[in-house]
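In our numbering, the protein residues as written are 106 to 388. Yeah, the Cβ is synthetic: ideal placement off N, Cα and C, and Gly gets one too. All of these numbers come straight from a predicted model, not from anything done at the bench.
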């Protein structure tokens, strides 16, 4: 197994609501953030227990909106192990200035949250021309951009990947493909169609490890197909802890079991080396 396991999708929530007041995107706070709040100290303890060396911590938009203060402050406390991935309103004319300001405070990557736990997906903002200055700056600064969307948003992702070929795009939750039909996974074709775009990376989270256990899908047929299409060098594991239930150790064990049919080198990339390419501070 990989010598240095890196997680690119945990979240943290402060227990100090005076210093870090909730102001959720779309006005509705996610249930998990109230039921399973996890401070940066709790995350570090969970990482130690699970054997996770480092992490790129993803800002909780459904708790804090566009205020990345807690994720950058929390990661700064453990700068040898954590980097922060935050969110800005890319449609705001001031978005480039805001991105630069957050980068100065330690932000190592960005994320576009177009829907999910509290709202249906709306991919319209993805390729809105008002967002292009923010994308151009990401290319200039070498910031990866994570995108939270479903299959409905993949045409926009394709257009962005072509327009901003120097920006590495990381698809949260693998873009939520439909896999229940089983091999050869015809219903996930829109995902596989992205494989030729070399700046698109895939984030493997508990959602896909659950989906491959349903109906005709299986880990043994799905993940080798994804590796064949994209290459393990463009795939990285993310725990989604504590959004996904279970301990970090349990979530990691499920992922390791799901990828057991891959060879050692592919698993080295997925559980560590790809993350270190995306976020060099984690190397």
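Anticipated Cβ contact below 8 angstroms, residue 204 with residue 181, distance rounded: The pair is not a contact, with the Cβ atoms about 17 angstroms apart (cut-off 8 angstroms).
Residue 252 burial status per 10 Å Cβ neighbour count (16 or more: buried): buried
Beta-carbon gap between residue 176 and residue 257 smaller than 8 angstroms: no
Where residue 313 falls: helix, strand or coil (DSSP): helix
Ordered list of beta strand (DSSP E) runs contained in the segment 167-227, each at least 3 residues: 187-191, 212-218
Residue 377 classed as buried or exposed, judged by whether at least 16 other C-beta atoms fall within 10 angstroms: buried
Length of the line joining the Cα atoms of residue 130 and residue 136: 13 angstroms
Among 151, 125, 133, 300, the one whose alpha carbon lies nearest that of residue 167: 133
Burial state of residue 341 (16 or more Cβ within 10 Å): So residue 341 ends up on the buried side.
Residue 327 and residue 367 closer than 8 angstroms at C-beta: no
Check whether residue 259 and residue 208 have beta carbons under 8 angstroms apart: Going by C-beta atoms, residue 259 is not nearer than 8 angstroms to residue 208.
Residues near residue 356 by beta carbon distance below 7 angstroms, same chain, minus five either side: These residues qualify, in order along the chain: 311, 344, 346, 349.
Whole-number beta carbon distance between residue 172 and residue 128, since they are thought to touch under 8 angstroms: 6 angstroms
Residue environment, residue 106, which counts as buried when at least 16 other CB atoms sit within 10 Å: Confidence at residue 106 is low in this model, with a pLDDT of 42, below 50, so its placement is unreliable and no value can be given for it.
Rounded Cβ spacing between residue 279 and residue 233 (contact assumed at less than 8 angstroms): The pair is not a contact, with the Cβ atoms about 24 angstroms apart (cut-off 8 angstroms).
In DSSP terms, what residue 250 is bridged to: 215, 274
Buried or exposed (CB count within 10 angstroms, at least 16 for buried), residue 93: As shown, the chain starts at 106 and ends at 388. That puts residue 93 outside it, with no answer to give.
DSSP-derived helix/strand/coil call for residue 284: coil
Same chain, Cβ closer than 8 angstroms to residue 263, five either side skipped, listed in chain order: 298, 299, 302
CA nearest to the CA of residue 309, picked from 291, 286, 122, 335: 335
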